[in-house]
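Keeping their order, the protein sequence lines are chains B and W. Residue numbering for the first sequence follows our numbering, starting at 56 and increasing by one per position. Residue numbering for the second sequence follows our numbering, starting at 56 and increasing by one per position. Backbone N, C-alpha and C define an ideal beta-carbon position, used for all residues, glycine too. Since we're looking at a predicted model, the values are computed, not measured.
Protein chains: 2
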Amino acid sequence: MLRLKCESNAGWAAAALADLDALLIDHVHCEKKAASTALSLINRYPEKTLLVEQMIAHAQEELEHFALVMACLKERGVALRRDSADSYVNRLLDHARRDEPLRLLDALIVAALIEARSCERFQLLIDALPGGALRDLFDGLMPSEARHFAMFLSLAREYFSPDEVEKRLEEYAVIEADIVRTLPNEPRMHG
Amino acid sequence: MLRLKCESNAGWAAAALADLDALLIDHVHCEKKAASTALSLINRYPEKTLLVEQMIAHAQEELEHFALVMACLKERGVALRRDSADSYVNRLLDHARRDEPLRLLDALIVAALIEARSCERFQLLIDALPGGALRDLFDGLMPSEARHFAMFLSLAREYFSPDEVEKRLEEYAVIEADIVRTLPNEPRMHG
């Protein structure tokens with residue numbers, strides 16, 4: 056359903072759970088960057104009213120998650136740290152086309168795949184955790200990631216033909232899988 | 056209470072109300088930029104937990120306002136347009152100090168003054184409008200701007216002495232008033 060071409064490397068979940076504070080800090084930054092990306096899409100495509108409305112709602116939801124994960128960090132007595140480069144996202148964006156309208160198509164497909172990968176990884180964390188507050192947190196967030204994946208694709212189909220979306224999603228899912236296979240097993244949502 | 060050193064130029068409210076669509080479009084962008092600024096403060100000061108928490112809540116509230124004003128634009132059959140340069144904000148930021156910790160103090164004081172000016176201008180619009188949905192909208196938003204002004208100052212007092220905050224607020228309020236006196240009367244929240 057998520058259209059991913061590979062699973063995360065074996066050992067990622069164990070590495071992630073070995074440093075939960077680092078994982079949660081990275082996760083907070085992911086939620087923040089998702090909200091920022093939504094705002095930058097509004098900046099770039101202000102005249103596309105459906106996109107603007109969905110990106111406002113999306114940014115709001117990502118900030119709610121940000122607040123949830125921050126509360127969880129606070130309970131653990133951990134302060135946020137500065138974000139470090141996200142090579143997964145940067146390498147995905149390296150393949151994005153620069154000229155409109157394909158720039159928009161690629162932005163939406165990249166956003167969809169990032170959500171899909173988050174969803175897959177939340178499931179791995181849920182499966183590996185024995186229960187408790189953190190498992191509940193991930194359990195609560197996981198369905199949103201799947202919904203966001205579908206939302207970005209349906210937004211793409213508003214502005215591009217189903218065939219164009221399908222073809223580029225197939226291509227980009229292969230690129231995404233190639234990147235994921237090379238990621239080190241680290242306590243980061245993507246890496 | 057808002058510590059502003061001058062009123063908006065006579066004629067601003069009339070110019071603003073003469074092109075309500077343009078005013079609302081500018082207003083949407085102000086809400087969006089306020090949310091973006093909150094996220095960039097989180098990026099810059101992740102270890103300051105109180106700031107992070109307040110900036111998440113602030114960004115959430117600004118996005119709620121964004122959605123309200125977008126709904127209002129949609130009802131008027133108006134699509135958002137690309138944002139244009141905000142010379143008021145840019146000129147305010149020209150006076151901000153670049154080195155920490157004073158960079159943070161100035162960022163908080165500039166944010167406070169922008170909120171104060173928005174509050175003053177909402178009141179001018181409320182006074183000039185005969186009633187109806189738009190007046191209700193501004194009436195609903197106005198108290199938030201006053202609250203945000205107080206929030207940014209109280210945040211400043213968390214990280215700086217009351218005297219430092221007071222002195223810089225006085226200085227910056229003079230700068231702000233000098234800028235406002237030179238602004239053309241345009242259908243923009245700031246100009």
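- Distance from the CA of arginine 146 of chain W to the CA of alanine 166 of chain B, rounded to the nearest whole angstrom, comes to 35 Å.
- Here arginine 202 of chain W carries a helix assignment [DSSP, helix/strand/coil].
- Per DSSP, reduced to three states, the secondary structure at alanine 89 of chain W is helical.
- With a cut-off of 8 Å on Cβ pairs, the segment 56-72 of chain W is not in contact with the segment 88-101 of chain B, counting fewer than three such pairs.
- Proximity of glutamate 108 of chain W to chain B, defined by a Cβ-Cβ separation below 8 Å, is satisfied.
- By the criterion of a C-beta distance shorter than 8 Å, glutamate 175 of chain B is surrounded in its chain by Leu57, Leu59, Glu62 and Ser63, once the five residues flanking it on both sides are discounted.
- Taking a 10 Å sphere around the C-beta of arginine 202 of chain B, we find fewer than 16 other C-beta atoms and assign the residue as exposed.
- Where methionine 125 of chain B is concerned, the enclosing alpha helix (DSSP H) starts and stops at 104-130.
- Contacts with chain B at 8 Å (Cβ-Cβ) include alanine 122 of chain W.
- Contact annotation for asparagine 240 of chain B against chain W: no contact, minimum CB-CB distance about 24 Å [criterion: below 9 Å].
- For chain B, the residues of the segment 78-107 of chain W that bring a beta carbon within less than 7 Å of one of its beta carbons are Lys87, Ala90, Ser91, Leu94, Ile97, Asn98, Pro101, Glu102, Thr104 and Val107, in chain order.
- Within chain B, the residues placing a beta-carbon under 8 Å from that of isoleucine 111 of chain W are Leu118, Phe121, Ala122 and Met125, ordered along the chain.
- Alanine 77 of chain W and proline 242 of chain W have their C-alpha atoms spaced approximately 6 Å apart.
- With contacts defined by Cβ atoms closer than 8 Å, leucine 148 of chain B and leucine 79 of chain B do not form a contacting pair.
- At least one C-beta of chain B is nearer than 8 Å to the C-beta of aspartate 138 of chain W.
- Pairing valine 229 of chain B with arginine 223 of chain B, the inter-Cα distance amounts to about 10 Å.
- Taking 9 Å as the cut-off between beta carbons, the residues of the segment 128-159 of chain W near chain B are Leu128, Lys129, Ala134, Leu135, Arg136, Arg137 and Asp138, in sequence order.
- Taking a 10 Å sphere around the C-beta of serine 139 of chain W, we find fewer than 16 other C-beta atoms and assign the residue as exposed.
- In the structure shown, aspartate 74 of chain B adopts coil according to DSSP, grouped into three states.
- Under the Cβ distance rule, glutamine 115 of chain B counts among the residues neighbouring chain W, one pair being separated by less than 8 Å.
- For asparagine 64 of chain B, the secondary structure class from DSSP, reduced to helix, strand or coil, is coil.
- Between threonine 104 of chain B and alanine 90 of chain W the beta-carbon gap is near 19 Å, outside 8 Å, which marks them as no contact.
- Judged by beta-carbon spacing, arginine 172 of chain B lies beyond the 8 Å limit of histidine 82 of chain B, meaning their Cβ atoms are not closer than that value.
- Classified as buried, aspartate 141 of chain W has 16 or more neighbouring CB atoms from the shown chains inside 10 Å of its CB.
- Taken atom to atom, the span from the alpha-carbon of isoleucine 164 of chain B to that of methionine 206 of chain B is near 10 Å.
- In chain order, Leu160 place their CB closer than 6 Å to the CB of phenylalanine 215 of chain W, counting only its own chain and leaving out the 5 sequence neighbours on each side.
- If you draw a straight line from the Cα of arginine 236 of chain B to the Cα of glutamate 221 of chain W, it is about 55 Å long.
- With a beta-carbon spacing of about 7 Å, leucine 123 of chain W and leucine 192 of chain W fall inside the 8 Å limit used to define contacts.
- Tyrosine 227 of chain B: member of the alpha helix (DSSP H) spanning 217-237, first to last residue.
- Going by DSSP, aspartate 161 of chain B is part of the alpha helix (DSSP H) stretching over 157-183.
- Between methionine 125 of chain B and glutamate 108 of chain W, the C-beta gap is smaller than 8 Å, which places the two residues in contact.
- Taking 8 Å as the cut-off, the beta carbon of glutamate 200 of chain B is found no closer than this to the beta carbon of glutamate 231 of chain B.
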